[in-house]
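**Student:** Mind having a look at this structure? Questions to follow.
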């Protein structure tokens, strides 16, 4: 594989939820490999800082807004095309998990929000990308799901159910939009981010003991997998979900 800064030369990506954590790492990896990237998220100040740190407007563009808002989606895609002239890669990274506890005890509005952001927003972004560029020119979509979508996990059942839906959606969309567009997903286990902090805070060593590789993930681990699936190295890969989990599934350990 070519990691000398040219694998994505001439290509443009849009990464949702890219102001920090996994999304930010994905954006950094793609820019490092030659891509120009549109970053979206809710915090305009954090996005602007990210653009500066990624090399400025020649390399990155920031569009703030709520990921599930159709107007925001339309604006981000339009500005990407206006600024960089194309949209080759879409990374549906944004996800929420606002509630913990048994699914049947959660407020319906909270469940609705989880599915609206984690599933329906990904559908919206993918449709926009297809209609604006990828349908005619081709492209790659990478969805960010989770190991929690592959098996039950205590306390995060709603999140896991939404990610299970996204796993199925990945395969479904791959069938519907191929052969021009490839659709794949990455399923991380616990990654050391602010988003996942409740799953390992004050007990990281004991949590990591359940992983075959003996450590939790870091955002760069996930970014590397996303870059592979988005690149021409994966030109014959679609409809797949790649577990990037440090061997958690193989050990049978809990998340």
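Numbering (the numbering used here), first residue to last: 52 to 306.
The beta carbon of each residue, even a glycine, is placed where N, CA and C say it ideally should be.
As the structure is a prediction and not an experimental result, all values here were calculated from the model.
From which residue to which residue does the beta strand (DSSP E) around residue 301 run?
**Tutor:** Run containing residue 301: none in the beta strand (DSSP E); it sits in the alpha helix (DSSP H), 299-302.
**Student:** Is the beta carbon of residue 191 sitting closer than 8 Å to the one on residue 290?
**Tutor:** For residue 191 and residue 290, no; Cβs fall outside 8 Å.
**Student:** Going along the chain, which residues of its own chain have a beta-carbon closer than 6 Å to the beta-carbon of residue 115, five neighbours each way excluded?
**Tutor:** 95, 98.
**Student:** Could you please give the first and the last residue of the uninterrupted beta strand (DSSP E) stretch that includes residue 191?
**Tutor:** That run of the beta strand (DSSP E) goes 190-195.
**Student:** For a quick check, are the C-beta atoms of residue 280 and residue 193 less than 8 Å apart?
**Tutor:** Cβ distance < 8 Å, so residue 280 and residue 193 count as in contact.
**Student:** Check whether the Cβ of residue 87 sits closer than 7 Å to any heavy atom of the ligand ZN, and report yes or no.
**Tutor:** This structure lacks the ligand ZN; in fact it carries no ligand of any kind.
**Student:** If we count the other Cβ atoms within 10 Å of its Cβ and call it buried at 16 or more, is residue 239 buried or exposed?
**Tutor:** Counting Cβ neighbours within 10 Å, residue 239 comes out buried, since at least 16 surround it.
**Student:** Cα separation between residue 298 and residue 133?
**Tutor:** Spanning the two alpha carbons is a distance of roughly 42 Å.
**Student:** According to DSSP, is residue 65 helix, strand or coil?
**Tutor:** Here residue 65 sits in strand by DSSP.
**Student:** Classify residue 144 as helix, strand or coil using the three-state DSSP reduction.
**Tutor:** In the structure shown, residue 144 sits in coil (DSSP, three-state: anything other than H, G, I, E or B).
**Student:** Am I right that residue 243 and residue 269 are in contact with their C-beta atoms under 8 Å? What's the rounded C-beta distance?
**Tutor:** That pair is a contact at about 5 Å.
**Student:** Kindly indicate which three-state DSSP category residue 268 falls into: helix, strand or coil?
**Tutor:** DSSP places residue 268 in strand when its eight states are reduced to three.
**Student:** CA-CA distance, residue 142 and residue 153?
**Tutor:** If you take the alpha carbons of residue 142 and residue 153, they lie about 30 Å apart.
**Student:** Rounding to the nearest angstrom, what Cα-Cα distance links residue 262 and residue 136 in this structure?
**Tutor:** C-alpha separation (whole angstroms): 43 Å.
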